[in-house]
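Visitor:
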Amino acid sequence: MFRKILIANRGEIAVRVIKACREMGIRTAAVYSEADARSLHVGLADEAVLIGPAPAVDSYLSMGRIVEAARRTGAEAIHPGYGFLAENADFAALCEEEGIVFIGPSSAALAIVGDKVRARQTMEEAGIPTIPGMKSVSRSPEEFRAAARSLGFPVMVKASAGGGGKGMRIVRDDGGLVPAVEAGRREAKSAFGDDSVYLEKYIEEPRHVEFQVLADNHGAIVHLFERECSIQRRHQKILEETPSTALEPGLRSKMGETAVKAMRAAGYNNAGTVEFLLDRDRRFYFLEVNARLQVEHPITELVTGVDLVRQQIQIASGGKLSLNQGDISQRGHAIECRIYAEDPKANFLPSPGRIVLLREPKGPGVRFDSGVLEGWDVPVHYDPILAKLIVWAEDREAACRRMSVALDDCVILGIHTTAGFLGDVVKHPEFRAGRTTTSFIPKQFSSWGTGAGEEDARRMALAAAAFDLLTRPTGRAGTPETGPTKGTATPWTTLGRWRAGGDDLYGL
Amino acid sequence: MFRKILIANRGEIAVRVIKACREMGIRTAAVYSEADARSLHVGLADEAVLIGPAPAVDSYLSMGRIVEAARRTGAEAIHPGYGFLAENADFAALCEEEGIVFIGPSSAALAIVGDKVRARQTMEEAGIPTIPGMKSVSRSPEEFRAAARSLGFPVMVKASAGGGGKGMRIVRDDGGLVPAVEAGRREAKSAFGDDSVYLEKYIEEPRHVEFQVLADNHGAIVHLFERECSIQRRHQKILEETPSTALEPGLRSKMGETAVKAMRAAGYNNAGTVEFLLDRDRRFYFLEVNARLQVEHPITELVTGVDLVRQQIQIASGGKLSLNQGDISQRGHAIECRIYAEDPKANFLPSPGRIVLLREPKGPGVRFDSGVLEGWDVPVHYDPILAKLIVWAEDREAACRRMSVALDDCVILGIHTTAGFLGDVVKHPEFRAGRTTTSFIPKQFSSWGTGAGEEDARRMALAAAAFDLLTRPTGRAGTPETGPTKGTATPWTTLGRWRAGGDDLYGL
Amino acid sequence: MDFEFLIDGSPRRISLENRDGAVYFREGEVAVEAEVRRISSAELLFTFGGRTSRIHLARDGERAFVSVAGREFVITEPLPGTRGPLEGDEAGVQGSFLVKSPMPGRVIKLSVGEGQPVRKNQALAIVEAMKMENEIQSPAEGIVKKIHVSVGEFVDSEKPLMEIESTK
Amino acid sequence: MDFEFLIDGSPRRISLENRDGAVYFREGEVAVEAEVRRISSAELLFTFGGRTSRIHLARDGERAFVSVAGREFVITEPLPGTRGPLEGDEAGVQGSFLVKSPMPGRVIKLSVGEGQPVRKNQALAIVEAMKMENEIQSPAEGIVKKIHVSVGEFVDSEKPLMEIESTK
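Take a look at the structure:
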């Protein structure tokens, strides 16, 4: 087993990997940019190496500096987390040359699945159903126009190296095509350092269902069942759950077997995910392989009882897979909500800035994978993910109720976050009924932030602000600095009742 | 289902029950003594009722005031938690008369199992093996002397209404008998309001293995496997785990069936636990029934995936048990460490006072059931339990490593706690080997707080205190009040190395 | 006592009374009486209708951040004669608009030049933050009078990107 | 710079230097050089031997509470001429002992009376806290000179319970 691992990432996923290493008795080296000097992951690792200025291209995307940091710290392996270099075949190849173990697929496997176009070709040859689309990337507007016409609008612009919705655009007519392709290119470039994009037929209101796979370096492959990730905004997942309400046992095992077949066709190793689109007629299409540990991996961990990061490390160190397909089962129901630094009231605009108060949700069946601290400034340079709130319970309804309570308990002040919005998503009758598609949010939440509950909350907030000014015990404003004991100055102040409407707030 | 439940308890268990109720959509009423006006459970409930001054006999043990609080708040049911009135048959009977549902066994069942002597008689009649002992309680020193002689020393003084080690004393000779009986009486009185005690043969170095049982009001009974609670100090559990390393499948199912048989014999309903002693020859003896939700219930929840508090409430509301014995299985391994306000360096003397800094452990598989807040004063009047740190992992070794890391991350400053001590327990080779008996701590940890690791830690603490005085950014001393951003005044100060011995600290 | 607040940028006038140790809230027609308890400088418990809700509040400079039942609000006291900056907000300059970025970020594209006529909602610039591109559109038909930023520059939500002189 | 501390009641003398922005620790024979980083007023990172350890520190009055690798210590600066109270500690009174409770609690039993002779380790009183009884024993053979508390009274770890006059 490795003695030291370098984590080539930041935020909650770096923290997650460091914790796994500590528990395995493996020492850790963190890397950080100048913007992350005071970030949580830096303080938790055994060592931390400054690798460059804030922009990702000069730090977390800089292959040379990361490999050099690994050499300097004597790390035998690099865990790339997700995003940044996680699915970069060149980086995996560089590690292989340098004799550093890349904790992920081989560069060969990455070259196949990391390139969406090559991946689709491979899957078609293996007889796996795929979505109609361009057979190759292109730079010429004409080729895009031609492809779009032959596929028929609406079409989707996708980044060849993409993932996480970056570089994706829906195009419904000729006019929007070229600007969408340009924008996709720019986003793809800044997100992945590769600006190639292509077109695909856009399937209306599909479900997004993916299967987690583990493959060791000795040919053993198993799947750990599905994750439904249909709840998306801006083509990016914001809530995931497992099991999916859309799969009955027969379809579940058929898709699971297909996922294993797909990974075998790609010569895949380590942890990966096969994404499918499930259309209204329960037909499923291969979408792409996510050749990395995914943001939403915890819900699979909670339902199968398998620690995916530990498995990644054991597989990368050459270990044989300790799991047989027959040993793996689903118990209960898990949901993940992504807490982003975004403003749901303003079309999910990014919301960087200082976190002035942080109260983390906790309790039985509640897991909060976080990369932030109270008093910390959320930098403008990186992904807006702050934390992931994951709950497990015996069944879906219990999990929804647990998530709803946990989201109410999740308090992050100073910036906008998606927490309150997600609270309304899990309370929504359509969601409770399991009727989730990728157009759930655009359809059900076109305008969020109004309604009786909202108005009551706003009124209580105003009352609280006024009460705070009147009764604040110390002159020093209500920064989180003052501890729970400070309140004693204010006695109970007892009166009658709020108008009944106030109860709207608490409907669950 | 109930619309409102009153929680007749305090601390972490009150918080635990309130969370379960919130998730079930049930409103909650808390009760509190004058010593608990600012306690965590008071702020979390929908309502809170002051029931009296600090001493438990005037508040949490006052049946009349608690029933009156239930009437005033319109609560249809009372959850007693553990301790206080949880196993008091008179209180259960009072609730029955008042038409309030007592979330626990019927007063009739409590009268049988709550009285250790009657319980043992019942079990003997049902053909369940018990420990030799006095057939009835007594007040006459002569009877105790005679019983002790016929049983043969060593003998154990036990409180008839007892539990949690309260009122228990080992006696190894005639001389120590009467003082031990007196002390046992006083403790029993103050803990349970009942001072009757009796004698039992003391079994040397047994394992303490208990089985969790659920019984509905319609005759259905299942067990949820075992908890091993051998790690004790002062005859009180401080670390529990499941599964037990001592049980092979055959013995496990035999003991499970015996537990169900025992509860059937007692006409038991709701959640309860059958405690056994397991001697060196794998013989097991019925010890007692804990007629309540137990402190260590979470490890069963994590390994079986069953929420015991939710089950308690569903059963109490008249629901049929939703579980069949065949559905219940153990997955992975769970360990609980009890964080007490006690000084392990001074024979576990109580350590009330102000918590000046609190950092709660967290992460995948880590659960922290806590009843305390930073800046809060731990009162002198009640049990010293502050919180419970519970971890789950795929296997015992992984769980031990996870617990070890979590205990290092558990920081409670201002009072003494058992956290650091427990960290050394889980690192101990004898514990890692699973060789745990009730004499583990007296044997292996007669003197704790010395050793190379300890001395290095002390030296680092001194260095930290000095460094803090030299570099403290603000004049205002390092109270927890200052947020993480305040540190910026101090730059990196970089130098060479500590002597190698420092690494002792990080064993594991 | 009367309070004038901006909540998420929109003005509200309320009154809160501390009458013999008790709190009465009023806003226009809506009268409120609630049991209020401060459990820390950052946490208040409001009880009404037998229901208690936990409100979190923290200040950063003159802004108060308040969380109620999973919803967050920013509350400020309005500076006399000014208002919080809004995209395309009229800034006292007659017939012209100061265009600002809705969030901090980096200008990655300027789609127009000074003196160029623009339609309402025409793309003026693209600002990127946290890997998301956000198109800044013209608040009105008019002419680009002045451009205050250049490509690659970081902007906050205060600094004007450009000035549009209305021609309608 | 030299420091004199009491750590969990026992005195230690150390020196810590801030030489050109760097920290050197010395105690007798043991010399220490470590990389130290303050990440908050309550948290320090010590790095040595390539290993980083997180140290938590908080003050309450003149006491500093420090946590290192799951171990907690109480560190104070000794008041000139005095020491922290210890059970059976000699308190300047020649040939007599002030008996104190090792922890705060309630006196539930006095086992002796004034003027009564006591053996070393004889039970003098029982103090209860957090439902645990703790027997207070005589630090020496002697006579109960004075009893300062009564049954039912709350005591902290400062207040003397009684005074024992040594007869040895």
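Chains as they are written, first to last, in our numbering: chain A, 356 to 863; chain B, 356 to 863; chain C, 1256 to 1423; chain D, 1256 to 1423. Ideal Cβ placement from N, Cα and C applies to all residues, glycine included.
Which residue wins for smallest C-alpha separation from A:Ala546, given the options C:Gly1397, C:Met1385, C:Arg1309 and C:Ile1402?
Guide: Out of C:Gly1397, C:Met1385, C:Arg1309 and C:Ile1402, C:Met1385 has the C-alpha closest to the C-alpha of A:Ala546.
Visitor: Assign B:Val533 to buried or exposed, taking buried as 16 or more other Cβ atoms, counted over all protein chains shown, within 10 Å of its Cβ.
Guide: Looking at its Cβ environment, which holds fewer than 16 other Cβ atoms inside 10 Å, B:Val533 is exposed.
Visitor: Using the three-state DSSP reduction, which class does B:Thr773 fall into: helix, strand or coil?
Guide: Three-state DSSP puts B:Thr773 in coil, outside helix and strand.
Visitor: Among all the DSSP beta bridges, which residues are the ones paired with B:Cys692?
Guide: Partner(s): B:Leu594 and B:Leu744.
Visitor: Strictly under 9 Å for the Cβ-Cβ distance: is B:Val661 near chain A by that measure?
Guide: Chain A, which has a Cβ nearer than 9 Å to the Cβ of B:Val661, makes this yes.
Visitor: Which same chain residues end up closer than 6 Å to A:Asp698 when comparing Cβ atoms and leaving out the 5 residues on each side of it in sequence?
Guide: For A:Asp698, where only same-chain residues beyond five positions count, the Cβ hits under 6 Å are Leu704, Ser706 and His771.
Visitor: Under 8 Å Cβ-Cβ, which residues of chain B neighbour D:Gly1360?
Guide: Within 8 Å Cβ-Cβ: Pro705 and Val735.
Visitor: Can you find a C-beta in chain D that's less than 9 Å from the C-beta of A:Asp401?
Guide: Yes, contact with chain D.
Visitor: Relative to chain B, which residues along the region 716-745 of chain A have a C-beta separation below 7 Å, given in chain order?
Guide: Correct list: Lys717, Gly718, Pro719, Arg722, Phe723, Leu728, Glu729, Gly730 and Trp731.
Visitor: How long is the line joining the alpha carbons of B:Ile694 and C:Glu1327, rounded to whole angstroms?
Guide: Approximately 35 Å between the Cα atoms of the pair.
Visitor: Which same chain residues end up closer than 8 Å to A:Leu440 when comparing Cβ atoms and leaving out the 5 residues on each side of it in sequence?
Guide: Contacts found: Ala363, Tyr415, Leu416, Met418, Ile421 and Phe446.
Visitor: Would you say B:Arg358 reaches chain C, if we count a Cβ-Cβ gap shorter than 9 Å as a contact?
Guide: Judged by the 9 Å Cβ criterion, B:Arg358 is not in contact with chain C.
Visitor: Kindly list the residues whose CB is nearer than 8 Å to the CB of A:Met618, restricted to its own chain and excluding five residues on each side of it in sequence; keep chain order.
Guide: So the list reads Val568, Ala570, Ile576, Gly627, Val629 and Val644, once near-sequence residues are dropped.
Visitor: I'd like to confirm the pairing. Which residues does DSSP put opposite C:Val1373 in its beta bridges?
Guide: Answer by DSSP bridge pairing, in chain order: C:Gly1397.
Visitor: Might you give, ordered along the chain, the residues of its own chain that have their beta carbon closer than 6 Å to the beta carbon of B:Val526, omitting 5 neighbours on each side?
Guide: Excluding residues within five positions, the ones whose Cβ falls inside 6 Å are Val510, Leu532 and Ala535.
Visitor: Do we get a CB-CB distance below 9 Å when we pair B:Arg589 with the residues of chain C?
Guide: For B:Arg589, the answer is no, since every Cβ of chain C falls outside 9 Å of its Cβ.
Visitor: Can you tell me the Cβ-Cβ gap for A:Ala689 and A:Trp747, rounded? I've got them flagged as a contact below 8 Å.
Guide: Between A:Trp747 and A:Ala689 the Cβ distance is about 5 Å, and since that is below 8 Å, they are a contact.
Visitor: Name the DSSP bridge partner or partners of C:Val1285?
Guide: According to DSSP, C:Val1285 bridges with C:Glu1282.
Visitor: Check B:Glu752 in the structure and name its three-state DSSP category.
Guide: In the structure shown, B:Glu752 sits in a helix (DSSP, three-state: H, G or I).
Visitor: Mind pulling the beta strand (DSSP E) runs of 3 or more residues that sit fully within the region 368-415 of chain A?
Guide: Complete beta strand (DSSP E) runs here, min 3: 382-388 and 402-407.
Visitor: Got a sec: which bits of the region 385-401 of chain A sit with their beta carbon under 9 Å from any beta carbon on chain D, in order along the chain?
Guide: Result list: Arg393, Val397, Gly398, Leu399, Ala400 and Asp401.
Visitor: Pull up the distance between the alpha-carbon of D:Phe1301 and that of B:Gly726, whole angstroms please.
Guide: Those two C-alpha atoms are separated by around 31 Å.
Visitor: Taking only the alpha-carbon atoms, compute the straight-line gap between B:Ile767 and B:Arg714 and give it to the nearest angstrom.
Guide: Rounded to whole angstroms, B:Ile767 to B:Arg714 spans 7 Å at the Cα level.
Visitor: Starting from D:Phe1328, trace the beta strand (DSSP E) both ways and give me its first and last residue.
Guide: Taken as a continuous stretch (DSSP letters only), the beta strand (DSSP E) holding D:Phe1328 covers Arg1326 to Thr1331.
Visitor: Quick check: what's the CA-CA separation for D:Ala1291 versus A:Leu399?
Guide: It is Val, not Ala, that sits at residue 1291 of chain D in the sequence shown. Between D:Val1291 and A:Leu399, the C-alpha separation is close to 14 Å.
Visitor: Listing by chain order, which chain A residues have their CB less than 9 Å from the CB of B:Glu752?
Guide: Here the premise fails: no neighbours, minimum Cβ distance about 10 Å.
Visitor: Look at the alpha carbon of C:Asp1263 and the alpha carbon of A:Arg709, and state the distance between them as a whole number of angstroms.
Guide: Using only the alpha carbons, I get a separation of about 17 Å.
Visitor: Can you give the beta carbon distance from A:Arg500 to A:Gly488, rounded, assuming they're within the 8 Å contact cut?
Guide: So it is not a contact: roughly 15 Å between Cβ atoms.
Visitor: Can you tell me where the alpha helix (DSSP H) holding C:Met1417 begins and where it ends?
Guide: Where C:Met1417 is concerned, there is no enclosing alpha helix (DSSP H), although the beta strand (DSSP E) it sits in stretches over Pro1415 to Ser1421.
Visitor: According to a CB-to-CB cut-off of less than 9 Å, which residues of the region 1350-1377 of chain D neighbour chain A?
Guide: So nothing in the stretch comes that close.
Visitor: Residues in the same chain with beta-carbon distance under 7 Å from B:Gly429, minus the five sequence neighbours each way, listed in chain order, please.
Guide: Contacts found: Lys359.
Visitor: For C:Leu1300, go through chain B and note every residue whose CB falls closer than 8 Å to its CB, in chain order.
Guide: By Cβ distance, chain B contributes Gly398.
Visitor: Who are the Cβ neighbours of B:Ser599 in its own chain at under 6 Å, not counting the five residues just before and after it?
Guide: These residues qualify, in order along the chain: Val564, Glu581 and Glu583.
Visitor: Comparing the C-beta of D:Gly1316 with each C-beta of chain A, is any distance below 9 Å?
Guide: For D:Gly1316, the answer is no, since every Cβ of chain A falls outside 9 Å of its Cβ.
Visitor: Which residues bound the beta strand (DSSP E) around A:Thr613?
Guide: That residue, A:Thr613, is in no beta strand (DSSP E); its alpha helix (DSSP H) goes Pro604 to Ala620.
Visitor: Please name the residue, chosen from A:Phe723, A:Gln666 and A:Ala516, that lies closest to A:Glu367 on a Cα-to-Cα basis.
Guide: Of the candidates A:Phe723, A:Gln666 and A:Ala516, the one whose C-alpha sits nearest the C-alpha of A:Glu367 is A:Phe723.
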